[in-house]
Structures are given as C-alpha cells and as structure tokens.
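Okay, so here's the structure we're looking at.
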Amino acid sequence: MARTVTTPRKLINTAFAWAVGLLIFFPILWTILTSFKTEAQAIASPPIFLNFDWTLENYAVVQERSNYMRYLWNSIIIAGGSTLLGVIVAVPAAWAMAFVPSARTKDILLWMLSTKMLPAVGVLYPIYLLFIQLGLLDSRAGLVVVLMLINLPIIVWMLYTYFREIPGDILEAARMDGASLKEEILYILTPMAVPGIASTVLLNFILAWNEAFWTLNLTAVNAAPLTAFIASYSSPEGLFFAKLSAASTMAIAPILILGWFSQKQLVRGLTFGAVK
Amino acid sequence: MYLKSVLWAASAAALTAGAASAETITIATVNNGDMIRMQKYTDKFTEATGHEVEWVTLEENVLRQRVTTDISTKGGQFDIMTIGMYETPIWGANGWLVPLDDLSAEYDVDDILPAMRGGLSHEGTLYAAPFYGESSMIMYRTDLMEKAGLEMPEAPTWQFIREAAAKMTDRDNDINGICLRGKAGWGEGGAFITVTANSFGARWFDMDWNPQFDQPEWKEALTFFVDMMNESGPAGYATNGFNENLSLFQQGKCGMWIDATVAASFVTNPNDSTVADKVGFALAPNSEGVDKRANWLWAWALAIPAGTQKEDAAKQFIEWATSKDYIELVAENEGWANVPPGARQSLYDNPNYKDIPFAQMTLKSILAADPENCCVKPTPYTGIQFVAIPEFAGIATQVSQEFSAVYAGQQSVDEALAKAQAFTAEEMEAAGY
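Top to bottom, those sequences are chains S and G. Just so we're aligned: the first sequence equals residues 1 to 276 in the working numbering. Just so we're aligned: the second sequence equals residues 277 to 709 in the working numbering.
Have a look at this one:
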C-alpha cells in the first residue's frame, strides 16, 4: 500500500529542502554579491546584503589585469582531457571487474580507492622531478595525465557499480550472437550505461575543474587554469575581497552553468549507481 | 624623468646585453598593491629593453611553496622570484641564487638601506634586491587617544600601551582599545608574538641552539599579551591576522593597531578607511627597561634562481624595478604615497616624500630593527621575527598554533610554553643542532 503524505508534511519537507539548498548555496551567492561591491563595502560590518551601490568595477579590473580566456581555455582542456582519458581507461577496467571478476577484484578496488587517502603533498617532489625529466612542467598534457590518474579510482568505482546493475545475461546473449569483446563493450554495454557514464563524466569534470593542488604546483604561465587565476587575487596583506570575489565568480560561472543544465543527469546518475 | 628612465634602461640594456636578443622572462610574485602596480608599468621596461615579461601571481603562502619546490628541484620555471628576508640568506648559502654583486654603478646599491641589504645578503653578498621593505609600528586613533586624556609618546612602552588600550576600549560602541595578530602561522601571529617576546628580553634559542620557551621572559611576554588582549582586544582575536585587523581599524573599531608599516598607506587612504584623517604613528613598544622594541624587519625582494638561461635579462629587470627611477615613475603617475617604501635611503631624503605623514616613522622603525642582533641576550641566528634556518617555518607554525590555542582560551600559557619547548627541542635535535 502506498504511503500517504499529508499536505502539512509536504510543506514542511519542501521548506526544509529549500532551507538546506539555500544554506549550501549561500557562500556562492555571497561571493557573487561581493563581486559587485566596492572593497570598503565588501568588508563592512555589519555585512551589507543587497542595499549597496552595485558596481562592475571589480570585473573591469580583473579583465584588465588577467588574461581570463587563456585560463578558461586551459581549464576546459585540462578538465575535459583528463575526464575523457579517464573514461577511456576506466570503461574496460570496470567491465572486467564487473563481469569477469577474480578472487582479488574487491581487493584491487579497495587498493585503488586507498590511493586517494595519500595526501597529495606527500608525492609532490617525486612528481615534480618526474615532470622536469619528462619536460612536462607547465604543460597541459602533463596535467591531463596527472588529473586523470588522480580521478581514475573514482571513475572506475562509479562505472563498476553502474555496470553491476546491468544484467550479465544481456552481454552473454550478445556474445552468443557473435559479438566480439570490443563490440560487446562499445555497442551493448556502453549504450546501456549512458546515464551512469554521463554522471561519471560530469562529476569528474567538476572534480578536475576544481582541483587546486596540482594545477597550482605544476603550472606557471602556459598551462595555468582558473584555479591559478583565483589564487592570483588572494592576498594575506591587503583587502582585495571584492576583486577576489569577481575572479571567483568568473572562474565558477562556466561550471555552475554546466551543472545547472545537466542537473537531471547528475541527480539521476548519482541516485542510480555508485553513490546512491 | 620618464625619458631619463627609458634612456638609462636602454643604455643598460645595450651595455649588458650587447647583441643579445630580446627574451621573455617569467616572474613569480605575490599579490599586493605594490607588486600589482609594478605589473602595470612593465610595458615601460619592455619598451626600453625589448624584453617581454610574463607574471605568475600567487597568494603569499602558495608562492612560497611553489618557488621553494621549483628552486630546490632546479625546475627552472621562473627567471625571477619574489622572496623575502627569511628565504634569501638560506637560499643564498645553498647556492640556489645568482649573486647580485655586479649591479651597475647607476643602480647605486649603497643607497639601499643597510638593514635591508644586510637581511638580503649571505656573508656580505647581496642575493636579492628589495622591491619594498617594511618594519612594524603603532598606528593609533588620535581622536580616541585625546578622548582618553593621553598623549602617545614617540617611543612608548608596553605598559603605556596597555593602559591606553584599556582607556580607549568602549565595548558599547564596539571600539577595541587594541587590535593585534593572534592567527596561527609563522608569518602571522607567530611573527607578532616573536617580536613581542624580543621586547620583553626573550629569544628563541640560546647560543647552543637550546629552545628558550622555559625561560621567564617568554612567560612574561605571553602572559602580558593574553591579559592585555582579553582586557582590550576584539572578540575572537585568536583568528585575526593582518587583513582582519586592517578591516577593523579601517572601520573605526580599533584604538591602536601594531602591524606592518605598509598598512599606513591603507589606513590613511580616505577611499578605504573611515578614520583616514585621525591616524597617528609611533614606534613599536618595548617593555620597561628592555632595550629592544617589538618591531620586525621584512622585505619583498627580487632574486634570480641559479641556472636560469635568461640571467642578463633578469638582472636588467631587477635593476629597473628596484631603481630610484622606478620610484619616481610611480610617484609621477600615482603620487608619492603609493611608491614602494622602505628600500632606499634616497626616498626618505626626498623632500616630496617627507610630507607623507607616515614616512619618517616608517624609516625610524626600519632603522630601529637589527636582524643581526634581534634580542637582548646573544643568539646564534639572524632574523628578528624569524630565525633564518630552514627548520624554522615548520617549528614556528606549530608553536604559533599552541599560542593561538591560548588566545582562544583552550589552554593555559604554561601548557602552551611547555608544549612549545618540548616540540622545538625535539625538532632541533632531529635536525642535528
């Protein structure tokens, strides 16, 4: 029997959901509002919420000082490239673990995840020296590889749990019909796992976009993405919060828009598979 | 003057570079007003020399980690690095920096303030050229001081400051008598409590590198600081650093603020500060009978990492950016209050600069700081608010966290000092001292 939900209860649930949503969104909203204030208004106490003289001056200063498009392009290449490469590597790996598991599959999955527990700074020097030897410092290619490797455990885990939801009988039927391994993965498995792959791609794109340790430490001029753009406006000696907020708003705007348009796929993917 | 600057830079380029082609140099720097202003005028350098400049601007702590990684691994990402007085002698000793011992006669290296030159040298060799320098001093509200019926001496004692802070405090009107750094971090609250301790006769290490937190001077300094801040400081001062106190002072919520001399241009700027016309300046205090004041010495300086392929172009840039002509270029375009301070004696001899209200107190504060002789008792180290050894940053960060816990009321002064003593002794022993 379906559970009945009363109208007052619905109202309470809705209000609670909105309250939680606004609470989570508030720091972003505050950053956006601050970007339209003067530096003096940005630090005013008590804080000014909406009643201030809106100005675009901070955006003008940021535009004048920094080459935003270069940072943006680097972010797109690095986040997009690492995600794409990660999926190409992870789909066959997740297929093997989901459909032809060995006695050690679970151990391997756990080991992969355990690599995420190592503090990044612990391997900074080895990676930096490796990059010097390979000539990869301040290159987008180097960052694509590093971010792909960092996010690979999450991609494999997500795809593995999505693939586990797909009945093995379907793949077996395809094999009986003469499908090769490549055809089985490309034409049977992948189309069935599109929602899961889409949400994996989106989540990892966001993770790569926001990555701020390696992108700051392995870049200088040529490959610096939007994280470096934001870092260039942070200062412990001087009040530049309004300009920092303008830079932050410009940096998060593309990913916010992407998230807004793809929220259905994200929610569906996250509630269907790995993180449900 | 601009014409002179261009001609000078062009002739310097011709002399030093000869037939060398134009280069693109990459400079890592911090995000502060003076450095950003310098980026704006880089075109003048390019016009004069043909060299292009690429900037990598980072937050101070990120920059420190970034350039340390690069220089220690010989990564070669930067042709010029912006570093401070802490790094320069250590990196110079390691052979990581190009000595700046062949700067042109026109550059007039002897014009650099001796304290700055000393702090940026190792065994008498200059390894970084100061872009701007700072000490620390008292900035106070003249109106509140008058209301309290007191007159600020040019060189007050801590005891006077505490009394004045108590009288200026007006909790009903949200005015704190004094605002000081309590935030954890060796360059934040750690720097401030170190110079405070110096002014009570304390030191970090004795001549055998034994930590000195178990000595009575440290207890007296820390107890005094905590008691005064509890009486007259802002709530939550344990998390206040430079920016938080600047914000409070600019909004008229501090009677006094002791911090970097560069803050003077911020608090007297009417565009940002509500108390711009009510600010006075005095030397950082000392405890009665102690011959050392609580002022530090710092410089952001430009250095060339050893191994760069563009050493000549980098030297040309450093000569341009830290020259007398650059100061005049900024003065012509932005006014004398906005020139990079604290590096050259000629700036303080300039009659135009003497009119700036905080100029002479800044100079006096810088001259009162002696990095070779920080403390009342002898020390085996150089540095005033830091100890110029590689281990210091890590140790002082931990120690300042213990002190911040005292400010937040989470532990006692005795507990914090005991932990600081044990931790520092262990780290120094492990480091082989």
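We put the CB at the ideal spot given by N, CA and C, even for glycine.
{"Item": "Would you kindly work out how many angstroms separate the C-alpha atoms of cysteine 650 of chain G and glutamine 435 of chain G, rounded to a whole number?", "Value": "21 Å"}
{"Item": "By the DSSP assignment, the beta strand (DSSP E) with phenylalanine 557 of chain G in it spans what residues?", "Value": "555-559"}
{"Item": "Distance cutoff 8 Å, beta carbons only. Does glutamine 353 of chain G sit that close to anything in chain S?", "Value": "yes"}
{"Item": "Which word fits tyrosine 714 of chain G, buried or exposed, when buried means at least 16 other C-beta atoms lie within 10 angstroms of its C-beta?", "Value": "Nothing about residue 714 of chain G can be read from this structure; chain G reaches only from 277 to 709."}
{"Item": "Could you work out which residues of chain G lie near aspartate 138 of chain S, taking near to mean beta carbons separated by less than 7 Å?", "Value": "Gln353"}
{"Item": "If contact means a Cβ-Cβ distance below 7 Å, which residues of the stretch 87-104 of chain S contact chain G?", "Value": "none"}
{"Item": "Under 8 Å between C-beta atoms, does glycine 135 of chain S make it to chain G?", "Value": "no"}
{"Item": "Where do the ends of the beta strand (DSSP E) carrying tyrosine 408 of chain G lie?", "Value": "405-417"}
{"Item": "If we ignore side chains and look at the alpha-carbon of each, how far apart do proline 616 of chain G and valine 20 of chain S end up?", "Value": "48 Å"}
{"Item": "Unbroken alpha helix (DSSP H) runs of length 4 or more, entirely within the stretch 607-641 of chain G: which are they?", "Value": "621-625 and 627-630"}
{"Item": "Are at least three pairs of beta-carbons, each pair with one atom in the stretch 6-23 of chain S and one in the stretch 250-259 of chain S, less than 8 Å apart?", "Value": "no"}
{"Item": "Can you find a C-beta in chain S that's less than 8 Å from the C-beta of leucine 334 of chain G?", "Value": "yes"}
{"Item": "Using the C-alpha atoms, what's the distance from leucine 159 of chain S back to valine 91 of chain S?", "Value": "7 Å"}
{"Item": "Are the beta-carbon atoms belonging to phenylalanine 468 of chain G and proline 236 of chain S less than 8 Å from one another?", "Value": "no"}
{"Item": "Excluding sequence positions up to five away, which residues of its chain have a Cβ less than 8 Å from the Cβ of alanine 286 of chain G?", "Value": "Per-residue confidence for alanine 286 of chain G stands at a pLDDT of 47, beneath the threshold of 50, marking its modelled position as unreliable; the derived number appears in the next sentence. Only Ala324 and Thr325 meet the Cβ criterion."}
{"Item": "Quick one: list the residues of chain G neighbouring leucine 124 of chain S, beta-carbon separation under 9 Å, in chain order.", "Value": "Gln341 and Thr345"}
{"Item": "For isoleucine 594 of chain G and glutamate 604 of chain G, I'd like the C-alpha separation in whole angstroms.", "Value": "16 Å"}
{"Item": "Can you name the residues of chain G whose CB is closer than 9 Å to the CB of serine 180 of chain S?", "Value": "In chain order: nothing, as chain G lies at least about 47 Å away."}
{"Item": "Starting from the beta carbon of valine 338 of chain G, find every residue of chain S whose beta carbon is closer than 7 Å, and list them in chain order.", "Value": "Leu216 and Ala231"}
{"Item": "Please report whether the beta-carbon of glutamate 39 of chain S lies at a distance below 8 Å from any beta-carbon of chain G.", "Value": "yes"}
{"Item": "Quick one: which chain S residues come within Cβ less than 7 Å of glutamate 330 of chain G?", "Value": "Val221"}
{"Item": "Quick one: grab the DSSP three-state call for isoleucine 665 of chain G.", "Value": "coil"}
{"Item": "Strictly by DSSP, which residues pair up with cysteine 530 of chain G?", "Value": "G:Asn452"}
{"Item": "Using a cut-off of 8 Å between C-beta atoms, extract the partners of glutamine 527 of chain G located in chain S.", "Value": "Ile43, Ala44 and Ser45"}
{"Item": "What three-state label does DSSP hand proline 390 of chain G in the structure shown?", "Value": "helix"}
{"Item": "For the alpha helix (DSSP H) holding alanine 304 of chain G, just list the boundary residues, first then last.", "Value": "Taken as a continuous stretch (DSSP letters only), alanine 304 of chain G belongs to no alpha helix (DSSP H), being part of the beta strand (DSSP E) at 300-306."}
{"Item": "What is the DSSP secondary structure of tryptophan 572 of chain G, counted as helix, strand or coil?", "Value": "coil"}
{"Item": "State the start and end residues of the unbroken alpha helix (DSSP H) segment that holds tryptophan 494 of chain G.", "Value": "492-508"}
{"Item": "Would the stretch 28-46 of chain S count as touching the stretch 185-194 of chain S if we require 3 or more Cβ pairs under 8 Å?", "Value": "no"}
{"Item": "Could you name the residues that DSSP lists as bridge partners for isoleucine 359 of chain G?", "Value": "G:Ala577"}
{"Item": "Give a yes or no on contact between the stretch 398-406 of chain G and the stretch 360-377 of chain G, applying the rule of three or more CB pairs nearer than 8 Å.", "Value": "yes"}
{"Item": "Is the shortest distance between the beta-carbon of serine 245 of chain S and the beta-carbons of chain G less than 8 Å?", "Value": "no"}
{"Item": "Nearest CA to the CA of isoleucine 166 of chain S: which residue from S:Ala179, S:Asp53, S:Glu184 and S:Met176?", "Value": "S:Glu184"}
{"Item": "Could you round the C-beta distance between methionine 444 of chain G and glycine 531 of chain G to whole angstroms and report it? I think they count as a contact, below 8 Å.", "Value": "3 Å"}
{"Item": "Where DSSP assigns a beta bridge to histidine 327 of chain G, which residues make up the other side?", "Value": "Answer is none; histidine 327 of chain G lacks a bridge partner."}
{"Item": "According to DSSP, simplified to helix, strand and coil, what is asparagine 562 of chain G?", "Value": "strand"}
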